[in-house]
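In my numbering, the protein residues as written are 405 to 852. Just so you know, even glycine gets a beta-carbon here, dropped at the ideal spot from N, CA and C. Since this is a predicted model, take the numbers as computed values, not measurements.
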Ligand code: NDP
């Protein structure tokens with residue numbers, strides 16, 4: 405542990421003792437506390453008012469049983485979670501993840517990160533996250549619907565447009581949001597913007613589907629531009645092939661780059677001619693098939709079993725867009741040796757701390773998830789605004805606002821890093837900039 409400040413050290417040691425079985429949560433906490441050392445030293449009132457002690461503790465954790473009946477008539481039971489982390493600057497806001505790896509540690513780490521990310525967007529949203537260990541892969545539409553209905557039957561008593569507004573994440577796309585919304589509306593007898601990522605026919609926002617991937621590229625473009633670079637002519641590797649990865653591919657291509665590799669949890673494909681995002685969209689969004697079927701469309705492409713090897717594919721820019729801790733030190737070394745100049749996190753915490761340290765020590769430009777993938781929740785915030793106004797903005801209008809928000813997030817992170825003597829360190833800058841607004845709101849609201 406590299407913490408030097410006694411107040412922060414105490415907080416971390418206490419939390420480590422209490423949450424020893426929550427490694428992802430502790431990993432996310434430590435990274436933020438390290439960044440906040442110069443802030444805590446400059447502002448003693450943060451310790452006096454116990455701001456960090458309160459910040460690392462979720463306001464509320466909900467865990468519940470989700471029983472449902474599969475197509476063979478058998479009863480299945482999953483675990484549901486919602487962690488309402490911090491509501492200092494607005495209603496809890498953050499996605500729902502459906503994946504067999506989901507547990508409380510993962511939901512707490514995601515909820516904690518969400519607090520800072522939402523603050524960075526400048527929109528009035530607190531942080532939360534939820535999900536279940538249910539695996540939608542291989543389930544029929546009817547099974548997914550019954551699961552979502554059961555999940556929402558419990559969740560609906562805890563959420564609301566002014567309280568907590570969930571959205572999608574891994575395993576939760578348009579289909580799942582539709583089922584969840586339908587059940588909320590039925591039980592609560594109200595049509596409100598209680599979820600974001602909704603379909604366009606019932607209150608969704610144009611450009612929400614594209615927002616995280618596009619926003620990631622807008623942020624990366626700013627980071628590259630500050631170093632006199634751009635996407636033009638660059639080879640780009642994107643891990644994952646879900647919502648974030650697909651639209652990152654589309655935007656990279658529009659900005660003049662070439663996406664040469666993508667993956668799923670089974671393996672990765674390499675296409676030297678550039679991977680067409682429409683083919684991946686068809687495979688993943690329409691057919692819900694594996695990425696290796698890309699070879700049926702483009703026989704000249706190559707498929708390699710196992711997803712970790714993707715970081716050995718030579719590239720100038722790497723965009724990890726699958727899941728947490730997917731890019732470790734070995735992957736980072738391979739990227740550096742192959743001359744990669746920039747890494748931007750599309751997924752949440754995809755790079756291990758060792759990988760981040762290596763990038764920073766080798767002068768690789770590095771964009772942390774909290775800042776770089778905030779475009780999704782930013783447009784979710786814009787969806788909430790449109791729902792409240794009972795108006796729909798055009799695709800171009802939402803995209804322009806998204807672009808402006810990503811530029812302002814880059815400037816806020818770069819500016820905070822400079823102000824606190826860590827110029828160029830966007831990890832520290834994003835943590836500090838996100839923190840300050842939440843801390844000031846907490847100070848103003850007293851000990852709650
Ligand atoms: P999707 O479910 O659409 O896609 C996830 C992709 O990552 C799939 O290709 C999946 O492969 C792969 N993946 C998931 N888990 C693993 C794993 N354990 N090992 C290897 N590969 C894995 O999710 P999203 O694109 O929405 O989310 C991707 C990341 O981006 C997550 O970290 C999420 O938290 C983050 N994010 C998403 C936002 C959004 O708006 N959707 C907003 C901000 C962050 P397979 O199909 O084989 O499982």
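Closest to residue i by CA distance: which of the options is it?
i	options	result
residue 743	808, 656, 721, 787	721
residue 840	434, 446, 421	446
residue 663	669, 670, 671, 649	649
residue 632	410, 746, 576	746
residue 734	752, 714, 771	714
residue 666	675, 816, 658	675
residue 544	691, 408, 812	691
residue 630	699, 775, 814, 837	814
residue 546	476, 444, 697, 414	476
residue 762	739, 711, 670	739
residue 741	749, 752, 719, 751	719
residue 656	826, 621, 555	621
residue 709	652, 523, 818, 670	670
residue 616	573, 607, 591, 636	573
residue 436	712, 693, 773	773
residue 532	485, 560, 646	485
residue 753	732, 647, 530, 637	732
residue 756	775, 771, 768, 728	728
I'd like the list of long-range same chain contacts for residue i, defined as Cβ closer than 6 Å, with 5 residues on each side in sequence excluded.
i	result
residue 580	552
residue 537	482, 483, 504, 506
residue 452	none
residue 654	681
residue 706	674
Say the cut is 7 Å; is the CB of residue i nearer than that to a heavy atom of ligand 1?
i	result
residue 507	no
residue 441	no
residue 730	yes
residue 657	no
residue 648	yes
residue 421	no
residue 726	yes
residue 792	no
residue 679	no
residue 616	yes
residue 401	Residue 401 lies beyond the stretch modelled for the chain, which goes from 405 to 852, so this question has no answer here.
residue 751	yes
residue 621	no
residue 503	yes
residue 719	no
residue 711	yes
residue 668	yes
Please go through the same chain and pick out, in chain order, the residues whose beta-carbon is closer than 7 Å to the beta-carbon of residue i, but skip the five residues on each side of it.
i	result
residue 462	487, 488, 489, 512, 515
residue 420	430
In the DSSP assignment, find the unbroken alpha helix (DSSP H) run with residue i in it and report its ends.
i	result
residue 842	830–849
residue 706	It is not in any alpha helix (DSSP H) - residue 706 instead sits in the beta strand (DSSP E) that spans 706–709.
residue 442	427–446
residue 633	Looking at the DSSP string, residue 633 is not in any alpha helix (DSSP H), and its letter there is neither H nor E.
residue 656	647–658
residue 764	757–765
Apart from the five residues on each side of it in sequence, which residues of its chain come closer than 8 Å, Cβ to Cβ, to residue i?
i	result
residue 479	471, 472, 473
Check whether the Cβ of residue i sits closer than 7 Å to any heavy atom of ligand 2, and report yes or no.
i	result
residue 417	For the structure depicted, ligand 2 is absent and the ligand set comprises only ligand 1.
My assumption, with CB atoms under 8 Å, is that residue i sits in contact with residue j. Please give the rounded CB distance.
i	j	result
residue 641	residue 702	At roughly 17 Å, the Cβ-Cβ gap does not stay under 8 Å, so residue 641 and residue 702 are not in contact.
residue 810	residue 779	6 Å
residue 782	residue 806	6 Å
residue 597	residue 788	5 Å
residue 527	residue 798	Going by Cβ atoms, the distance from residue 527 to residue 798 rounds to 19 Å, so no, they are not a contact pair.
residue 683	residue 698	6 Å
Would you mind reading off the limits of the beta strand (DSSP E) that contains residue i?
i	result
residue 777	No beta strand (DSSP E) holds residue 777; DSSP gives it neither H nor E.
residue 825	It is not in any beta strand (DSSP E) - residue 825 carries neither H nor E in the DSSP assignment.
residue 466	464–473
residue 488	479–490
residue 571	568–571
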